[in-house]
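What follows is one structure encoded as structure tokens, with my remarks underneath.
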Amino acid sequence: MIEKLLDSHEQHLSQIQGEGLVPSHCDPNPGNVLATPTTAYLIDWDQLHLSDPVRDIAQVLWWQYPLSEWDELLTMFAVDLTNRQQRERFFLSVSIWSLRVALFFIQLSHEQYISEFLLDAQRTLHQELPNRLL
Numbered sequence: 060m061i062e063k064l065l066d067s068h069e070q071h072l073s074q075i076q077g078e079g080l081v082p083s084h085c086d087p088n089p090g091n092v093l094a095t096p097t098t099a100y101l102i103d104w105d106q107l108h109l110s111d112p113v114r115d116i117a118q119v120l121w122w123q124y125p126l127s128e129w130d131e132l133l134t135m136f137a138v139d140l141t142n143r144q145q146r147e148r149f150f151l152s153v154s155i156w157s158l159r160v161a162l163f164f165i166q167l168s169h170e171q172y173i174s175e176f177l178l179d180a181q182r183t184l185h186q187e188l189p190n191r192l193l
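Residue 190 in my numbering is what sits at position 131 of the sequence shown, and the numbering runs on without skipping anything.
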């Protein structure tokens, strides 16, 4: 299954045209956010690197927000999933990240998480929406 996913990722990458790379946090999660009553700060930038502009928001939305809240956040980050290129990049970002997490859990022999993240990697290649939150 992993080889099939890698082959599919390679095929998708050749079809995608991006808008250039931007600085990305690359580890967006609630543990890396300091919130005050008026603002939020993203902390822990040790994985910072240049990446696709949709990468961070794709990872945050996929596992941390119900679909009912996606439109507001997508608008805030200027991501339009009706745009074919942005949609392809969004789902490919989640698929690649899911595979990366599955490989991490393979090293730990944690079967439940391996299965869940491999399923996410497959679902996103077919542009299926999430059915669970972390």
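Using N, Cα and C, we set each Cβ at its ideal position, and we do this for glycine too.
Starting from residue i and walking both ways along the alpha helix (DSSP H), at which residues does that stretch end?
i	result
S174	E170 to L184
Out of the options, point me to the one whose CA is closest to residue i's CA.
i	options	result
H185	V138, I155, L109 and L133	I155
N88	Q76, Q106 and E78	Q106
L193	F164, K63 and W122	W122
F150	L72, I61 and E78	L72
P112	P82, E170, E175 and R143	P82
S110	E78, S67 and A137	E78
L162	R148, E147 and L178	L178
V138	R114, Q70 and L65	R114
S157	H108, T141, V119 and D103	V119
I75	K63, I116, E62 and N142	N142
R148	Y100, M60 and Q70	Q70
To the nearest angstrom, how far is the alpha carbon of residue i from that of residue j?
i	j	result
M135	V153	19 angstroms
L132	Q145	15 angstroms
G90	N190	22 angstroms
L80	Y172	30 angstroms
W129	L188	11 angstroms
T183	H84	21 angstroms
For residue i, report the span of its beta strand (DSSP E) as first-last.
i	result
P82	V81 to S83
### 4 or more residues per run - each alpha helix (DSSP H) lying fully within the region 94-151
114-123 and 129-135
### Query
For the region 89-104 against the region 156-168, are there 3 or more C-beta pairs whose distance is under 8 angstroms?
no
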